[in-house]
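Just so you know, my numbering puts the end of the sequence shown at 255, numbered straight through with nothing missing. No residue lacks a Cβ here, since even glycine has one placed at the ideal position from N, Cα and C. Note that the structure is a prediction, hence the values are computed from the model and not measured. The structure under discussion appears below in the form of structure tokens.
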Amino acid sequence: MRQLYIAGNWKMNLVPSQAAKYASELAAAAKDAKVKVMIAPTYVCLPAVVEAVKGSNIIVAAQNVNDHEKGAYTGEISCDMLKDIGVKTVILGHSERRQYYGETNEFINKKVLFALQNGMDIDLCVGETLEEREGGRLEQVLADQINIGLDGVTEEQMAHVTIAYEPVWAIGTGKTATPADANSAHEYIRGLIAKKFGKAVAEKQIIQYGGSVKPSNVKELMACEHIDGALVGGASLTLEQFLPIINC
Ligand code: PEP
Numbered sequence: 008m009r010q011l012y013i014a015g016n017w018k019m020n021l022v023p024s025q026a027a028k029y030a031s032e033l034a035a036a037a038k039d040a041k042v043k044v045m046i047a048p049t050y051v052c053l054p055a056v057v058e059a060v061k062g063s064n065i066i067v068a069a070q071n072v073n074d075h076e077k078g079a080y081t082g083e084i085s086c087d088m089l090k091d092i093g094v095k096t097v098i099l100g101h102s103e104r105r106q107y108y109g110e111t112n113e114f115i116n117k118k119v120l121f122a123l124q125n126g127m128d129i130d131l132c133v134g135e136t137l138e139e140r141e142g143g144r145l146e147q148v149l150a151d152q153i154n155i156g157l158d159g160v161t162e163e164q165m166a167h168v169t170i171a172y173e174p175v176w177a178i179g180t181g182k183t184a185t186p187a188d189a190n191s192a193h194e195y196i197r198g199l200i201a202k203k204f205g206k207a208v209a210e211k212q213i214i215q216y217g218g219s220v221k222p223s224n225v226k227e228l229m230a231c232e233h234i235d236g237a238l239v240g241g242a243s244l245t246l247e248q249f250l251p252i253i254n255c
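See below:
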């Protein structure tokens, strides 16, 4: 039985004081949550949010990390820096980083390997654009994102990997994949994991769905066999919306 994992990607929203206030309210409100809960504030909010959720079960994640230990990488943040403030989870390969910052599967793979070797848990985002889906390239795109993104990862390290299937056309658009379409993409991803790492790893693999998840559609999505949680953007920004998703 895979435990549901609900994550909130706050993207470039909330200033540190707002983030800390919201995080402490969330920690109190979600203290009896049956699911695993993660929130990913911006870098500058991380210390305040870590402090605000101290003593709770809420996992605090970064939205990105650099693929080098340290050095002349202006504007970047390292795994050691994150771990030093108590953050050991990171979202990698989000479609906005692929789209706006040119992150390729090969580059994301470097970050995946570096983060795992440095003891981090990762949430690897994959998903197709509308053009790729309509062009019949869904399976090829997912296969490349999984096979290249996880190249060199060991079976043991897969225990530290969550996958988020996020069809790009459903992110922030209000459009959601139908539960059946989402489930079949998840099943396909699980098959790719089975081929690469074996059936036992695939059975345990947590695969979140992301793309306009909200209180009104979360139940139906989470009821699908291969959907093990959600990566939530817009609806993770307020307690009114995120709490019902957590309590789904
Ligand atoms: C996301 O960016 O990960 C996401 C799923 O956003 P939204 O829920 O706003 O579509």
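Neighbourhood of residue i by C-beta distance below 6 Å, restricted to the same chain and skipping five residues each side
i, result
"Gly93", "Val57"
"Ala237", "Ile13, Gln215, Tyr216, Val220"
"Leu137", "Trp176"
"Asp158", "Asn116"
"Ser31", "Ala59"
"Ala192", "Tyr172"
"Met165", "Phe204, Val208"
Test item: CB-CB of residue i and residue j under 8 Å
i, j, result
"Thr96", "Ala68", "yes"
"Glu162", "Phe121", "no"
"Val72", "Ile253", "no"
"Asn16", "Ile98", "yes"
"Gln70", "Ala47", "yes"
"Ala189", "Ile153", "no"
"Asn125", "Gly156", "no"
"His167", "Leu123", "yes"
"Val160", "Val133", "no"
"Glu139", "Val148", "yes"
"Ile178", "Arg9", "no"
"Glu135", "Pro174", "yes"
"Gly240", "Lys61", "no"
"Tyr108", "Leu246", "no"
Own chain residues within Cβ distance below 7 Å of residue i, not counting five before or after
i, result
"Ala187", "none"
"Lys182", "Trp176, Ser219"
"Ala209", "Arg197, Ile200, Ala201"
"Ala150", "Leu199"
"Cys255", "Val225, Lys226, Met229"
"Gln248", "Lys221, Pro222, Ala242"
Backbone secondary structure at residue i - three-state DSSP
i, result
"Gly15", "strand"
"Ile153", "helix"
"Ile170", "strand"
"Val336", "Lying outside 8 to 255, the shown extent of the chain, residue 336 is not represented and no answer is given."
"Leu145", "helix"
"Val22", "coil"
"Ile2", "Since the displayed the chain opens at 8 and closes at 255, residue 2 lies outside it and no answer follows."
"Met8", "coil"
"Glu138", "helix"
"Asn254", "coil"
"Gly240", "coil"
"Ile115", "helix"
"Glu110", "coil"
Supposed close pair residue i, residue j - CB separation, criterion 8 Å
i, j, result
"Ala36", "Leu244", "Not a contact, Cβ separation roughly 14 Å."
"Gly100", "Leu131", "5 Å"
"Met127", "Cys86", "6 Å"
"Ala34", "Ser63", "4 Å"
The ligand NAP heavy atom lying under 7 Å from the CB of residue i
i, result
"Gly218", "This structure does not include the ligand NAP; its bound ligands are the ligand PEP."
Same chain, Cβ closer than 8 Å to residue i, neighbours up to 5 away in sequence not counted
i, result
"Lys77", "Ser85, Asp87"
"His75", "Glu83, Ser85, Phe121"
| In chain order, which continuous runs of the alpha helix (DSSP H) of length 4 or greater are located wholly inside the segment 33-67? | Correct list: 53-59.
| request: Could you tell me which uninterrupted alpha helix (DSSP H) segments, each at least 4 residues in length, are contained entirely in the segment 180-238, listed from first to last along the chain? | output: Whole alpha helix (DSSP H) segments, 4+ residues: 186-204, 206-211, 225-229.
| request: Starting from the N-terminal side, write out each stretch of the beta strand (DSSP E) that is 3 residues or longer and does not extend beyond the segment 60-107. | output: Unbroken beta strand (DSSP E) runs of no fewer than 3 residues, entirely contained in the segment 60-107, are found at 66-69, 96-99, following chain order.
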